[in-house]
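**Student:** If you're matching positions, the sequence shown starts at 273 in this note's numbering and goes up one per residue.
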Amino acid sequence: MSVSSSADSSGTTETTGTTETTGTTETTGTTGTGATIGARAGLGPQPSRRLFLGVAAAVPLALAVPLGVGAAPAYAADSAYVMGYFTESPNGLGDDYGLHLAVSSDGLQWMPLNQNNPVVVPTAGAAGLRDPFIMRKRDGSFVVIATDLKGTDWNRNSQYIHVWDSADLRTFTGYRLLKLHDMTTHSWAPEAFWDAGRGQYGIIYSSVNSSGHHVIMVNYTADFRTVTAPQVFFDPGYDVIDGDLVVGVNGVNYLYYKKDQALVGARSSTLVPGSFTPFSTPVAQGGTEAPTLVKSLTSGIWYLWGDTYTPNGVFYVWQSDNLAAGTWTAVDQRRYTQPLNSKHCTIATITATEYDNLAAHWGRPAWNRLKSYNYPGRYVRHSGFVGRIDPYPFDPYTDARWKLVPGLADSAGVSFQSVNYPARYLRHYSYSLRLDENDGTSAFAADATFLRTAGLADSSWSSFRSYNFPTRYIRHADNLLRIDPVATATELADATFSVGY
273 MSVSSSADSS
283 GTTETTGTTE
293 TTGTTETTGT
303 TGTGATIGAR
313 AGLGPQPSRR
323 LFLGVAAAVP
333 LALAVPLGVG
343 AAPAYAADSA
353 YVMGYFTESP
363 NGLGDDYGLH
373 LAVSSDGLQW
383 MPLNQNNPVV
393 VPTAGAAGLR
403 DPFIMRKRDG
413 SFVVIATDLK
423 GTDWNRNSQY
433 IHVWDSADLR
443 TFTGYRLLKL
453 HDMTTHSWAP
463 EAFWDAGRGQ
473 YGIIYSSVNS
483 SGHHVIMVNY
493 TADFRTVTAP
503 QVFFDPGYDV
513 IDGDLVVGVN
523 GVNYLYYKKD
533 QALVGARSST
543 LVPGSFTPFS
553 TPVAQGGTEA
563 PTLVKSLTSG
573 IWYLWGDTYT
583 PNGVFYVWQS
593 DNLAAGTWTA
603 VDQRRYTQPL
613 NSKHCTIATI
623 TATEYDNLAA
633 HWGRPAWNRL
643 KSYNYPGRYV
653 RHSGFVGRID
663 PYPFDPYTDA
673 RWKLVPGLAD
683 SAGVSFQSVN
693 YPARYLRHYS
703 YSLRLDENDG
713 TSAFAADATF
723 LRTAGLADSS
733 WSSFRSYNFP
743 TRYIRHADNL
753 LRIDPVATAT
763 ELADATFSVG
773 Y
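Encoded structure:
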């Protein structure tokens with residue numbers, strides 16, 4: 273695992289020595305080795321579990337719930353966000369079923385931590401997780417819960433979820449499996465909320481109950497160690513998965529979930545199980561699942577994140593200034609960038625100090641990705657040592673990671689060093705960009721050096737002018753990268769990129 277110098281390579285992750293398994297009213301001790309940090313081996317292409325809906329009652333689907341509005345008392349001014357997720361890539365090269373973290377100052381542009389490696393990995397149950405959820409509890413600390421599943425074995429039943437406690441998302445303690453029910457099914461995509469009327473936390477999750485279809489269940493808990501008997505929280509009479517709940521928005525509670533291939537909302541003036549009724553206009557981009565609702569910290573805008581499985585692993589975002597209306601407008605992909613290979617996210621708010629502490633502890637990425645301005649679903653990569661832009665996601669995903677180093681011919685410029693072929697740099701040859709080994713010549717250095725300027729189509733983005741052909745800029749044409757003179761609006765857009773993660 274590669275960790276930047278600012279990160280503690282040990283992760284300072286504490287282990288507990290025992291894994292506590294708790295059921296509806298009983299506690300059973302089982303041994304475990306605690307939490308570890310490290311990358312997991314890929315398991316190949318990952319079909320969506322949603323393809324299995326209705327195939328068998330023993331193969332249900334998931335839920336997701338962001339931190340509810342009003343779920344914790346005010347203690348400090350939140351001004352940033354943390355995202356939790358696991359990772360998958362098309363051919364399995366980026367598959368990792370541990371907890372990954374990213375941070376953002378605006379909730380749209382995300383910076384993965386720990387070089388996009390996991391910060392903690394479950395060791396009990398399936399020894400892997402999906403669908404993590406991060407919640408700040410009433411005392412200001414965090415709890416992390418997640419599906420007990422590694423990979424895509426949708427036939428695997430588990431009545432348990434993974435649980436960690438964390439004071440600061442830098443250390444994780446008390447790792448345990450928590451038993452939610454005795455049904456022969458799973459407990460997918462658990463999320464939690466504070467129910468002030470009960471004075472307890474609710475844990476919702478997706479299971480197939482006696483109805484034979486997917487419903488959203490709920491258990492209540494005071495400590496995430498023992499729980500009450502499970503109840504049906506939401507069952508409209510058809511398969512529903514991936515519930516995401518926000519609490520107390522102008523006296524109304526909103527539950528978003530996946531129905532068929534779209535995201536749909538339900539609402540209730542109470543948190544009583546069975547009280548939610550569907551109301552919203554469905555939204556989707558291809559097959560869409562895993563809704564995550566999050567409110568802007570600087571405006572009245574709400575964002576709805578959705579995770580697609582056609583193709584697998586692309587996040588889309590919609591926005592609304594009125595949750596009660598139930599209508600959403602797609603957000604331009606230029607405005608947001610998901611963490612590399614991220615799947616089924618959870619988003620919680622944090623303070624500026626927590627943002628800084630997380631970045632310092634886990635480390636900022638030692639690499640960047642470059643997104644196309646006029647094709648924001650495409651990223652700069654090399655393939656067959658040819659420079660191009662391709663739709664995200666793709667494998668090898670490492671082809672799109674670059675180190676922006678001081679220019680080989682002029683340190684005021686920049687050169688693009690490949691992360692997976694560090695002896696090679698992006699350079700132009702006959703005006704086409706390709707990835708070549710540095711031969712140490714001045715000609716190579718000049719060909720591989722570019723001057724970064726304000727974006728030609730958008731000054732908040734970037735453009736890159738050739739060092740030795742200063743009238744030419746890096747641009748894409750028919751998805752291939754080259755250096756050309758640029759003048760038209762299309763050419764200016766072709767030559768504009770974001771430098772992010």
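In this text, a Cβ means the ideal position worked out from N, Cα and C, and glycines have one as well.
Every value quoted in this text rests on a predicted model; they were computed, and no experiment measured them.
Alpha carbon to alpha carbon, how far is T760 from L753? Give it in angstroms, no decimals.
**Tutor:** 17 Å
**Student:** Answer yes or no: do W577 and I513 have a C-beta to C-beta separation smaller than 8 Å?
**Tutor:** no
**Student:** Label A765 either buried or exposed according to how many other C-beta atoms from any shown protein chain fall within 10 Å of its C-beta, with 16 as the threshold for buried.
**Tutor:** buried
**Student:** By the 10 Å Cβ neighbour count, where 16 or more other Cβ atoms means buried, how is N388 classified, buried or exposed?
**Tutor:** Label assigned to N388: buried.
**Student:** Whose CA, out of F666, P648, P665, N640, lies closest to the CA of R675?
**Tutor:** According to the sequence as given, residue 675 is Lys; it is not Arg. Checked all of F666, P648, P665, N640; the closest Cα to K675 is N640.
**Student:** Give the DSSP-derived three-state secondary structure of Y627 in the structure shown.
**Tutor:** helix
**Student:** Of the choices D711, S702, D708, whose alpha-carbon is the least far from that of N740?
**Tutor:** S702
**Student:** Between N522, L543, V555, which lies nearest to G537 when the distance is taken from Cα to Cα?
**Tutor:** The alpha carbon of G537 has as its nearest neighbour, out of N522, L543, V555, the alpha carbon of V555.
**Student:** Out of curiosity, what's the CA-to-CA distance linking Q533 and F465?
**Tutor:** Taking the straight line from one Cα to the other gives about 25 Å.
**Student:** Taking 8 Å as the cut-off, decide whether the C-beta atoms of S540 and T549 are in contact.
**Tutor:** yes
**Student:** Count the other CB atoms within 10 Å of the CB of R607; is the residue buried (16 or more) or exposed (fewer)?
**Tutor:** Under this definition R607 is an exposed residue.
**Student:** Check whether the Cβ atoms of P665 and S361 lie closer than 8 Å to each other.
**Tutor:** Inclusion of P665 and S361 in the CB contact set at 8 Å is warranted, their separation being smaller than that value.
**Student:** Can you grab the Cα-Cα spacing for the pair L569 / S351, in whole Å?
**Tutor:** 6 Å
**Student:** Thinking C-alpha only, which one of S690, V658, A684, A681 is nearest R673?
**Tutor:** S690
**Student:** If we ignore side chains and look at the alpha-carbon of each, how far apart do P508 and Y651 end up?
**Tutor:** Rounded to the nearest angstrom, the two C-alpha atoms are 41 Å apart.
**Student:** Whole angstroms are fine: how far does the CA of L612 sit from the CA of D495?
**Tutor:** 33 Å
**Student:** Check S714 in the structure and name its three-state DSSP category.
**Tutor:** helix
**Student:** Who pairs with P591 in a beta bridge, going by DSSP?
**Tutor:** Note that residue 591 is Gln in the sequence shown, not Pro. BP columns for Q591 point to Y575, T601.
**Student:** Under the DSSP definition of a beta bridge, which residues are partnered with M407?
**Tutor:** The partner list for M407 (beta bridge, DSSP) reads V415.
**Student:** Assign N525 to one of two classes, buried (16 or more other C-beta atoms within 10 Å of its C-beta) or exposed (fewer than that).
**Tutor:** buried
**Student:** Given that a residue counts as buried once 16 or more other Cβ atoms are within 10 Å of its Cβ, and exposed if not, what is Y575?
**Tutor:** With 16 or more Cβ atoms within 10 Å of its Cβ, Y575 is classed as buried.
**Student:** Counting Cβ pairs closer than 8 Å, one from the region 616 to 627 and one from the region 596 to 604, do we hit at least three?
**Tutor:** no
**Student:** From what residue to what residue does the beta strand (DSSP E) around E463 run?
**Tutor:** Unbroken beta strand (DSSP E) run through E463: 460 to 467.
**Student:** Counting C-beta neighbours from all protein chains within 10 Å, is the total for F551 16 or more, i.e. buried, or is it exposed?
**Tutor:** Classification for F551: exposed.
**Student:** Closer than 6 Å by C-beta to P648: which residues in its own chain qualify, once you throw out the five before and the five after it? Chain order, please.
**Tutor:** Same-chain partners within the cutoff: Q605, R606.
**Student:** Answer yes or no: do G364 and G400 have a C-beta to C-beta separation smaller than 8 Å?
**Tutor:** no
**Student:** Is H458 near S479, with beta carbons less than 8 Å apart?
**Tutor:** yes
**Student:** Beta-carbon within less than 8 Å of I433's beta-carbon, same chain only, minus the 5 sequence neighbours each way: which residues are those?
**Tutor:** I417, A418, T419, D420, L449, L450, L452, S459, P462, I475, Y477
**Student:** Strictly by DSSP, which residues pair up with K422?
**Tutor:** Answer is none; K422 lacks a bridge partner.
**Student:** Exposed or buried, what is A717 when buried is set at 16 or more other beta-carbons lying within 10 Å of its beta-carbon?
**Tutor:** Around the beta carbon of A717, a 10 Å sphere encloses 16 or more other beta carbons of the protein chains shown; the residue is thus reported as buried.
**Student:** Which of the three DSSP states, helix, strand or coil, is assigned to N646?
**Tutor:** coil
**Student:** On the criterion of 16 or more Cβ atoms from any shown chain inside 10 Å, does P384 qualify as buried, or is it exposed?
**Tutor:** buried
**Student:** In angstroms with no decimal places, state the Cα-to-Cα distance between D440 and I661.
**Tutor:** Counting only the Cα atoms, I661 lies some 38 Å from D440.
**Student:** Would you mind reading off the limits of the beta strand (DSSP E) that contains T359?
**Tutor:** For T359, the enclosing beta strand (DSSP E) has its first and last residue at 350 to 359.
**Student:** Determine whether the Cβ of T564 lies closer than 8 Å to any Cβ atom of chain C.
**Tutor:** Going by chain labels, chain C is absent from the structure shown, which holds only one protein chain.
**Student:** In angstroms, rounded to a whole number, what distance separates the CA positions of R402 and H616?
**Tutor:** Each residue's Cα considered, the two are about 8 Å apart.
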